[in-house]
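Just below is one structure, and these are the notes that go with it.
2 protein chains.
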Amino acid sequence: MLEHTSKQFDLELESLRTRVLQMGGLVEQQFRLAMEGLYSGDIAQLDRVITGDARVNELEVELDEACTQVIAKRQPTAIDLRMITTVIKAIGDLERIGDKAQKISKLGVRLYNQHASFAPDVELRHTADLALAMLRASLDAFARLDATAAAEVVHKDDQVDTEHTAIVRQLITFMMEDPRTISRSLDIMAIAKAVERVGDHAKNIAEYVIYMVKGRNVRHASPEELDREVNDH
Amino acid sequence: MLEHTSKQFDLELESLRTRVLQMGGLVEQQFRLAMEGLYSGDIAQLDRVITGDARVNELEVELDEACTQVIAKRQPTAIDLRMITTVIKAIGDLERIGDKAQKISKLGVRLYNQHASFAPDVELRHTADLALAMLRASLDAFARLDATAAAEVVHKDDQVDTEHTAIVRQLITFMMEDPRTISRSLDIMAIAKAVERVGDHAKNIAEYVIYMVKGRNVRHASPEELDREVNDH
Chain Y
93 MLEHTSKQFD LELESLRTRV LQMGGLVEQQ FRLAMEGLYS GDIAQLDRVI TGDARVNELE
153 VELDEACTQV IAKRQPTAID LRMITTVIKA IGDLERIGDK AQKISKLGVR LYNQHASFAP
213 DVELRHTADL ALAMLRASLD AFARLDATAA AEVVHKDDQV DTEHTAIVRQ LITFMMEDPR
273 TISRSLDIMA IAKAVERVGD HAKNIAEYVI YMVKGRNVRH ASPEELDREV NDH
Chain X
93 MLEHTSKQFD LELESLRTRV LQMGGLVEQQ FRLAMEGLYS GDIAQLDRVI TGDARVNELE
153 VELDEACTQV IAKRQPTAID LRMITTVIKA IGDLERIGDK AQKISKLGVR LYNQHASFAP
213 DVELRHTADL ALAMLRASLD AFARLDATAA AEVVHKDDQV DTEHTAIVRQ LITFMMEDPR
273 TISRSLDIMA IAKAVERVGD HAKNIAEYVI YMVKGRNVRH ASPEELDREV NDH
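Chains as they are written, first to last, in the working numbering: chain Y, 93 to 325; chain X, 93 to 325.
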């Protein structure tokens with residue numbers, strides 16, 4: 093009986109894990125499609141991302157409920173409990189990445205509607221690829237309980253921030269040179285900010301993974317403290 | 093024995109609640125001092141907010157640990173469990189409000205250092221007061237398990253958003269009229285955004301409170317659905 097219960101419990105935990113990864117996959121896709129649509133000018137695609145966000149929101153609510161139910165029924169402790177509290181937090185960040193994809197798409201639609209011959213005048217794709225890679229790596233680290241891989245994600249966020257700062261500088265220069273571009277440059281700046289925030293949320297997820305595996309909270313640790321924590325077996 | 097355990101458990105829950113309110117009080121104060129310092133030009137005060145954020149971060153980590161321990165030890169169910177998962181999420185939002193206070197202070201210090209005679213040329217105090225009132229009301233609703241009061245907080249966020257949009261428009265006008273103000277207007281825009289985000293986080297906390305009291309997640313509900321949910325006894 094006990095064994096049966098424990099097996100059932102394992103299945104439930106496994107199911108939570110799988111569903112987080114599915115939600116992560118959907119959010120990844122939303123963000124990718126938003127950036128693609130922004131550069132290709134495919135308004136129909138941007139519209140699909142905008143309406144698709146409702147599914148991301150549903151998944152968050154469903155998974156949140158599922159976590160509470162598993163805690164109530166199974167009374168998990170130690171790593172199992174940390175896994176579930178990690179899921180509770182990670183889905184909040186995934187949902188917010190979904191919001192960013194939606195926001196990018198809405199701004200994209202607006203820009204194309206306002207400027208017949210719109211083309212983004214700064215290169216955001218590299219930063220977006222970095223942020224997307226961070227998101228993918230944080231989900232992988234979650235799936236494989238890999239604190240070292242998670243720590244790499246945390247470190248990578250500096251790169252995204254540096255690129256974001258450079259993009260903002262570039263946009264300021266455009267605005268100063270031609271004040272007629274101010275309104276549109278601000279929209280592009282908001283898109284750049286959304287991309288940067290995707291990196292932040294991926295970093296958050298990676299930090300939860302480290303907490304899950306190591307049992308230590310590294311949210312406000314310095315880079316050196318973080319590495320020490322992860323390499324301490 | 094059972095009664096003793098249950099009494100102990102009640103004390104532990106009470107202690108979690110109290111500590112969240114203390115953390116909330118500190119965060120409230122950080123935000124208030126940041127806005128005050130921004131308008132009075134009191135750099136020492138802004139510096140205190142910047143360094144004070146470390147304490148907010150510590151409280152988040154401590155409370156997060158405490159929640160996990162109570163779940164592991166007490167195996168709470170129903171409303172007790174929802175209270176604890178609410179705490180886990182709310183402290184994340186409180187910590188982020190702390191970050192916003194720190195950010196406002198850093199931008200304030202920068203603006204005063206760059207412009208000898210700096211004075212904010214848009215009025216952010218009213219929006220900040222609204223956001224602060226939302227934060228206070230969401231913490232009150234949490235303390236009193238008051239879903240109706242929490243729903244009011246959720247509705248108030250629209251006001252903050254509307255004021256924020258008006259401020260952004262005003263800043264765009266300044267920038268267009270005098271491109272030399274672009275860099276500084278962008279800093280003020282970032283402060284306005286931080287204020288607006290405080291409202292968002294207060295709204296998040298209010299939504300968790302509704303979930304805690306009603307057992308139903310209203311995160312993505314329409315205003316009408318939300319009122320129906322809260323008034324349904």
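From the three backbone atoms N, C-alpha and C, an ideal C-beta is built for every residue, glycine too.
Here the stretch 138-155 of chain Y makes no contact with the stretch 211-227 of chain Y; the two share fewer than three CB pairs at distances below 8 Å. Boundaries of the alpha helix (DSSP H) harbouring Y/Ser230: 217-236, taken from the DSSP string. In terms of CA proximity to Y/Gly133, Y/Val201 leads the group Y/Ala282, Y/Val201, Y/Gln122, Y/Asp292. The three-state reading of DSSP puts Y/Pro315 in helix, counting H, G and I together.
Nearest Cα to Y/Arg289 within the set Y/Thr273, Y/Met226, Y/Thr143, Y/Asp324: Y/Met226.
Assignment of Y/Gln161 by DSSP, reduced to helix, strand and coil, places it in the helix class. With respect to chain Y, the C-beta atom of X/Met175 has no partner C-beta closer than 8 Å. Boundaries of the alpha helix (DSSP H) harbouring Y/Phe266: 239-269, taken from the DSSP string.
The residues Ile135, Gln137, Leu138, Val141, Ser197, Gly200, in chain order, have a CB closer than 8 Å to that of Y/Gly129 in the same chain once the five nearest residues on each side in sequence are set aside. The C-alpha of Y/Ile171 lies about 52 Å from the C-alpha of Y/Thr273. Y/Val245 and Y/Ala298 have their C-alpha atoms spaced approximately 6 Å apart. Around the beta-carbon of Y/Glu269, fewer than 16 other beta-carbon atoms lie within 10 Å, marking it exposed. Proximity of X/Arg311 to chain Y, defined by a Cβ-Cβ separation below 8 Å, is satisfied. With the rule of 3 Cβ pairs closer than 8 Å, the stretch 298-307 of chain X counts as touching the stretch 227-235 of chain X.
Shown here, X/Asn309 sits in coil according to DSSP, grouped into three states, outside any helix or strand.
Distances from the CA of X/Thr257 to each of X/Phe266, X/Thr240, X/Met281, X/Ser277 were compared; the closest alpha carbon is that of X/Met281. Residue state for X/Thr97 is assigned as helix, using DSSP reduced to three classes. Taking every protein chain shown into account, the CB of X/Arg236 has fewer than 16 other CB atoms within 10 angstroms, so this residue is exposed. Counting along the chain, X/Ala211 sits inside no alpha helix (DSSP H), nor does DSSP assign it H or E at all. Annotated three-state conformation of X/Thr169 is coil, per DSSP. Judged by DSSP in its simplified three-state form, Y/Asp156 adopts helix. Residue contact check for Y/Gly184 against chain X: a CB pair falls below 8 Å. Less than 8 Å separates the beta-carbon of Y/Gln262 from that of Y/Val214. Interface annotation for the stretch 139-151 of chain X against chain Y: Asn149, criterion Cβ-Cβ distance under 7 Å. In this structure, X/Ala284 and X/Lys192 do not form a Cβ contact; the two beta carbons are roughly 11 Å apart against a cut-off of 8 Å.
Here the C-alpha atom of X/Gln167 lies approximately 58 Å from the C-alpha atom of Y/His207.
Looking at the backbone, the Cα of Y/Gln122 and that of X/Arg276 are separated by about 34 Å.
A straight-line Cα-Cα distance of about 8 Å links X/Arg311 and Y/Val153. Chain Y places no beta carbon closer than 8 Å to that of X/Asp324, leaving this residue out of the contacts. Residues of chain X with a Cβ closer than 8 Å to the Cβ of Y/Val153 are, in chain order, Asn309, Arg311, His312. Taking a C-beta distance under 8 Å as the contact criterion, Y/Arg308 and Y/Glu321 qualify as a contact pair. X/Val162 and X/Phe234 have their C-alpha atoms roughly 19 Å apart. X/Cys159 and X/Tyr204 have their C-alpha atoms spaced approximately 41 Å apart. Y/Met304 and X/Pro271 have their C-alpha atoms spaced approximately 49 Å apart. Selection Y/Asp102, Y/Thr169, Y/Val179, Y/Met127 evaluated against Y/Arg111 yields Y/Val179 as nearest (Cα-Cα). Scanning Y/Ile264, Y/Glu187, Y/Thr169 for the CA closest to the CA of Y/His293 turns up Y/Glu187.
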